[in-house]
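Enquirer: Protein chains in written order, with full-length UniProt numbering: chain V, 1 to 110; chain L, 1 to 117. Have a look at this one.
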Amino acid sequence: MFGMFRITNPLSGGLLWKIPWKLSTPQKLRQRRRLRAVDNVVATVDAALAKQGETLKALERWKEEMPTEAEMLPKDKYTMFDRKAKRYRKGIHRLPKWTRVSQRLNPPGY
Amino acid sequence: MSAYFRITLHRSAIGLPKRTNGVLMGLGLRKRNQVVFHPVEPQFAGMIMKVKELVRVEAVDKPLTKAELRAERRPDPGFYVERPRAAAQSGLALAMATARAGGQLAGEGEGEEEVRL
Chain V
1 MFGMFRITNP LSGGLLWKIP WKLSTPQKLR QRRRLRAVDN VVATVDAALA
51 KQGETLKALE RWKEEMPTEA EMLPKDKYTM FDRKAKRYRK GIHRLPKWTR
101 VSQRLNPPGY
Chain L
1 MSAYFRITLH RSAIGLPKRT NGVLMGLGLR KRNQVVFHPV EPQFAGMIMK
51 VKELVRVEAV DKPLTKAELR AERRPDPGFY VERPRAAAQS GLALAMATAR
101 AGGQLAGEGE GEEEVRL
C-alpha cells in the first residue's frame, strides 16, 4: 500500500495526463506579453543601430523571417507542430523551457 | 553622440544551454534585475539578440553610475523635510530676500520649518 509499490494512477497502468492539454486564458495572456517583450527588444535594438547607421545580419534575418506578435495567428502563438500528435499540433507549453525560448514558425500547411 | 544599451536581466538562464549563460556572462549579467550598460555597437546588439527572451533593453544617452542606479532603486520615503530659507541658502540669497522683503510678504510663509508625513 505504501512505499515503492503503492497504488498510484501511473503505476496502475492508467493514463494520467499531468500536463493540461491546452493553455489557460491567463497563460495565453502571459505568452502574448512575452512575445511582445521580445518584439520590443528587437525593435529597440534595431532603432538604436539604425540611428548609428549600423546593420546586423541576425537582426535583419529575424525581422525578415519572424512574424511579430500582432501578425501571428492564435494557432501559432499557443500551439506548435508535432509530427506524432493527433492533427499534428500540440500545446506550446510542452516545449521544454517554453517561456524562455522563441518558437514562432511552423511548417507551412500544418 | 554616443548611445548606450541599458540591459536588464529579466529572466534567469538557469537550465538553458551553456552558450546562453556564456553570452550573459559576456554581457556582465550575473543575477536577475542586474543592469549593465554597453555602447550601441553591432557586437553588443548581436549578444542582445542571443538572449532577447531573457533581457529588457532600452537605448539611453549615457550610462548611469552605480550610485545613480542605487538611487533609482531607492523607494520614495513618503515625506520630505522643509528647511528654513536662511539655513538652506547662503548669505547672498538672504540679503536679496531682505532687500525685496516689502513685496515678498506672501512668500515668507514657505520659510518655516515643517516635517510633513
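Ideal Cβ placement from N, Cα and C applies to all residues, glycine included.
(1) Any idea if Ala50 (chain V) is buried or exposed, counting beta-carbon neighbours within 10 angstroms, 16 or more meaning buried?
(2) Chain L beta carbons: is any one of them nearer than 7 Å to that of Arg32 (chain V)?
(3) Report all residues from its chain with a CB closer than 6 Å to the CB of Glu110 (chain L); omit the five preceding and five following residues, and keep chain order.
(4) With a threshold of 7 Å on Cβ separation, who are the neighbours of Glu69 (chain V) within its own chain once the five nearest residues in sequence on each side are excluded?
(5) Note down the Cα distance separating Glu72 (chain L) from Gly109 (chain V), rounded to an integer number of angstroms.
(6) Under a three-way DSSP split, which group does Phe79 (chain L) fall into?
(7) Would you list the one or two residues that DSSP bridges to His38 (chain L)?
(8) Given a cut-off of 7 Å on the beta-carbon distance, is the pair Tyr88 (chain V) and Leu23 (chain V) in contact?
(9) Should the segment 56 to 68 of chain L be called in touch with the segment 3 to 14 of chain L, which here means at least 3 C-beta pairs below 8 Å?
(10) Hey, does Val51 (chain L) have any beta-carbon neighbour from chain V nearer than 7 Å?
(11) Using a cut-off of 7 Å between C-beta atoms, extract the partners of Ala67 (chain L) located in chain V.
(12) Could you name the residues that DSSP lists as bridge partners for Phe81 (chain V)?
(13) Of the residues V:Leu59, V:Pro26, V:Gly13, V:Met66, which one's Cα is nearest the Cα of Gly46 (chain L)?
(14) What separation, rounded to the nearest whole angstrom, lies between the Cα atoms of His38 (chain L) and Lys86 (chain V)?
(15) When burial is assigned at 16 or more other CB atoms within 10 Å of the CB, is Leu56 (chain V) buried or exposed?
(16) Sorted by chain position, which residues of the same chain lie with C-beta nearer than 7 Å to Trp62 (chain V)'s C-beta, five sequence neighbours on each side aside?
(17) Just to confirm, does Lys51 (chain V) get its C-beta within under 6 Å of one of the non-hydrogen atoms of the ligand ZN?
Expert: In short:
(1) The residue in question, Ala50 (chain V), is exposed, as its Cβ has fewer than 16 Cβ neighbours within 10 Å.
(2) False, the Cβ-Cβ gap to chain L never drops below 7 Å.
(3) For Glu110 (chain L), the pLDDT reaches just 47, beneath the cut-off of 50, and the residue's location in the model is therefore unreliable, leaving the point undetermined.
(4) Contacts found: Arg32, Leu35, Arg36, Asp39.
(5) Between the C-alpha atoms of Glu72 (chain L) and Gly109 (chain V) there is a straight-line separation of about 50 Å.
(6) Of the three classes helix, strand and coil, the one that applies to Phe79 (chain L) here is coil, per DSSP.
(7) Residue pairing by DSSP puts His38 (chain L) in a beta bridge opposite L:Phe5.
(8) Note that the C-beta distance between Tyr88 (chain V) and Leu23 (chain V) is not below 7 Å.
(9) Between the segment 56 to 68 of chain L and the segment 3 to 14 of chain L there are three or more C-beta pairs closer than 8 Å, enough to call the two in contact.
(10) It does not: the Cβ of Val51 (chain L) has no partner Cβ on chain V nearer than 7 Å.
(11) Within 7 Å Cβ-Cβ: nothing; Ala67 (chain L) doesn't reach chain V, min ~25 Å.
(12) In DSSP, Phe81 (chain V) forms a bridge with V:Arg89.
(13) The option with the nearest alpha carbon to Gly46 (chain L) is V:Leu59.
(14) Computed Cα separation, rounded: 47 Å.
(15) Label assigned to Leu56 (chain V): buried.
(16) Contacts found: Val42.
(17) This structure lacks the ligand ZN, and indeed carries no ligand of any kind.
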